[in-house]
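Asker:
There are 2 protein chains.
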Amino acid sequence: MASVSQSKTALQSRRRLSPDARKDEIVSAAVALFAENGFDGSTRDVARGAGITQPLLYRYFPNKESLIEAVYARVFLESWNSEWDAMLADRSLPVRDRFQRFYEAYTETVFDPVWLRLWNFAALRDAQIYQWYNHVVEEQILKPLVRERRVELGRDQRFQVSRADLEVPWLLHGGLLHHGLRRHVLGIDADMGREHMIAQALNMYFLMTEAQAG
Amino acid sequence: MASVSQSKTALQSRRRLSPDARKDEIVSAAVALFAENGFDGSTRDVARGAGITQPLLYRYFPNKESLIEAVYARVFLESWNSEWDAMLADRSLPVRDRFQRFYEAYTETVFDPVWLRLWNFAALRDAQIYQWYNHVVEEQILKPLVRERRVELGRDQRFQVSRADLEVPWLLHGGLLHHGLRRHVLGIDADMGREHMIAQALNMYFLMTEAQAG
DNA sequence: GCCGTTATTTATCGCATGATAATTTTCTGG
DNA sequence: CCAGAAAATTATCATGCGATAAATAACGGC
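Protein sequences appear in the order of chains A and B. Numbering-wise, my numbering comes out as the position in the first sequence, counting from 1, plus 41. Numbering-wise, my numbering comes out as the position in the second sequence, counting from 1, plus 41.
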């Protein structure tokens, strides 16, 4: 019955992919499953999602932990868009506009339920990745915000950005992230308020820095 | 060997507690374990923490899910301190002072690693408890903030507090919670900045409402 | 078109899990 | 002080888990 064997091929996906392609599919399945069920999701369910048998997974990852690390890499390491750096540095626009645009793009990535859930699961099980990503946020987003705002206000730029300078930016950045989770868990409709929430956060920062300057 | 039986009694805790007391001990053990390992922590580990055997747990809870619900009740339902309502309503103090005090007390409870971790675990597995608690925060904290601030500014109090009025309060409240998690996961030292962070958040709200008023 | 490399599957292990039934032990009321 | 209610333990089951070894089958190069 060649037809059976063919329909079988058609149904249970093509076998014998290149190692790289197979690995990618496994990671994709793991991302989806772990985002839903947390990192305690089983390797059998990952395999089912990838359309393969469970032991094959162990040809590509020596153990479950290394699969989890691959998920981290896919979702967190690769989530930073290199265009964003240019956006934040573009002094042809006012700081407020730059960061409004940036945060609209950034939250489009970061408010994705998959990203949000994995982020929270990861924070609860692995302090290291949380620490690393917070460092990235601080260096790539919050410190540039403080610096660019100083430039705009014509203030002395010789001083480094201090811990105290970052308190308010962290408060607002955290508030936005919290809003993302809230709106996902509560099922808040579509985009209602995302841009506006960002605008409010920036409003407060600009009001605050203005008050300090004057 | 009566002495052996006695030392045994001393070591492995007294048997035959009253049902209520035993139940409380089980829930306490579950709170500690689930906060650390998430709700996938095993019933055997809960039992070990409570100093009992695992099947006994099933005399007090028909299944694991009902134990989890008991943990929710212990940590979330019972976490609201009734004195707080009085604090927020006490018009002998300026709104800013009232909420500064309140948030210092509130974050003392809510920045407890056990509370923070369980809260995040719960949000990821059970939208309902998250929804319920967010409603409590909105009704008990954020709406009172908006209303009392209106009174202080002598503005029209006939209008209900709208979704838009709550955007900024939510942003700041979320920012504070985020700060709590951050400081726990990153192991930030002691109380450094907690009061100051609260003051900053309130500063921004008051600046914002002042600007809108003027 | 076969042949060997290797991607993939089948079979299986040891262990941990949630849950149940039967047994034992402890405390209390008469 | 002892009898019985019930608190607690021991023994056990079925299932699901991460992981490994052996068998099979698909594809590329000659």
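For glycine and all other residues, C-beta sits at the position ideal for the given N, C-alpha and C. On a predicted model such as this, the values are computed, not experimentally measured, just so you know.
Helix, strand or coil, according to DSSP, for B:Gly216 in the structure here?
Answerer: helix
Asker: Measure from the alpha carbon of B:Ala127 to the alpha carbon of each residue in B:Ile170, B:Ala114, B:Phe143 and B:Leu118, then state which is nearest.
Answerer: With distances taken between CA atoms, B:Ala127 lies nearest to B:Phe143 out of B:Ile170, B:Ala114, B:Phe143 and B:Leu118.
Asker: Measuring CB atoms only, is the stretch 145-165 of chain A touching the stretch 199-219 of chain B, in the sense that at least three cross pairs come out at less than 8 Å?
Answerer: no
Asker: Looking only at its chain, what residues have a beta carbon closer than 6 Å to the beta carbon of B:Ala254, apart from the 5 residues adjacent to it on each side?
Answerer: Answer for B:Ala254: Leu194, listed in chain order.
Asker: Please confirm if B:Glu180 has its CB atom under 9 Å from at least one CB of chain A.
Answerer: At a cut-off of 9 Å between beta carbons, B:Glu180 makes no contact with chain A.
Asker: Quick check: is the beta carbon of A:Leu183 nearer than 9 Å to any beta carbon in chain B?
Answerer: It does not: the Cβ of A:Leu183 has no partner Cβ on chain B nearer than 9 Å.
Asker: Out of B:Gly234, B:Asp153, B:Arg188 and B:Leu98, point me to the one whose CA is closest to B:Arg132's CA.
Answerer: When only C-alpha atoms are compared, the closest one is B:Arg188.
Asker: Between the stretch 98-110 of chain A and the stretch 174-190 of chain A, can you find at least three pairs of beta-carbon atoms closer than 8 Å?
Answerer: no
Asker: For B:Ala88 versus B:Arg63, is the C-beta distance shorter than 9 Å?
Answerer: no
Asker: Can you name the residues of chain A whose CB is closer than 9 Å to the CB of B:Tyr147?
Answerer: Neighbourhood of B:Tyr147 in chain A, by CB distance below 9 Å: empty, with the nearest CB roughly 15 Å away.
Asker: Are B:Val209 and B:Met238 touching if we call contact CB-CB under 9 Å?
Answerer: In this structure, B:Met238 does not lie closer than 9 Å to B:Val209 by Cβ.
Asker: Is it buried or exposed, B:Phe140, if we count other Cβ atoms within 10 angstroms and call 16 or more buried?
Answerer: buried
Asker: B:Gln241 touches chain A at which residues, Cβ-Cβ below 9 Å?
Answerer: Ordered by position in chain A, the residues that pass the 9 Å Cβ test against B:Gln241 are Glu208, Val209, Leu212 and Met249.
Asker: Using the three-state DSSP reduction, which class does B:Pro103 fall into: helix, strand or coil?
Answerer: coil
Asker: Indicate whether at least one CB of chain B lies closer than 9 Å to the CB of A:Gln141.
Answerer: no
Asker: Name the chain B residues whose beta carbon is nearer than 7 Å to that of A:Tyr171?
Answerer: Near A:Tyr171 (Cβ distances below 7 Å), the residues of chain B are Val226.
Asker: Can you give me the start and stop residues for the alpha helix (DSSP H) that A:Asn161 sits inside?
Answerer: Pro154 to Arg166 is the span of the alpha helix (DSSP H), which, as asked, contains A:Asn161.
Asker: Can you tell me whether B:Gly90 is helix, strand or coil according to DSSP?
Answerer: helix
Asker: Excluding the 5 residues flanking B:Leu227 on each side, which residues of the same chain have their C-beta closer than 7 Å to its C-beta?
Answerer: none
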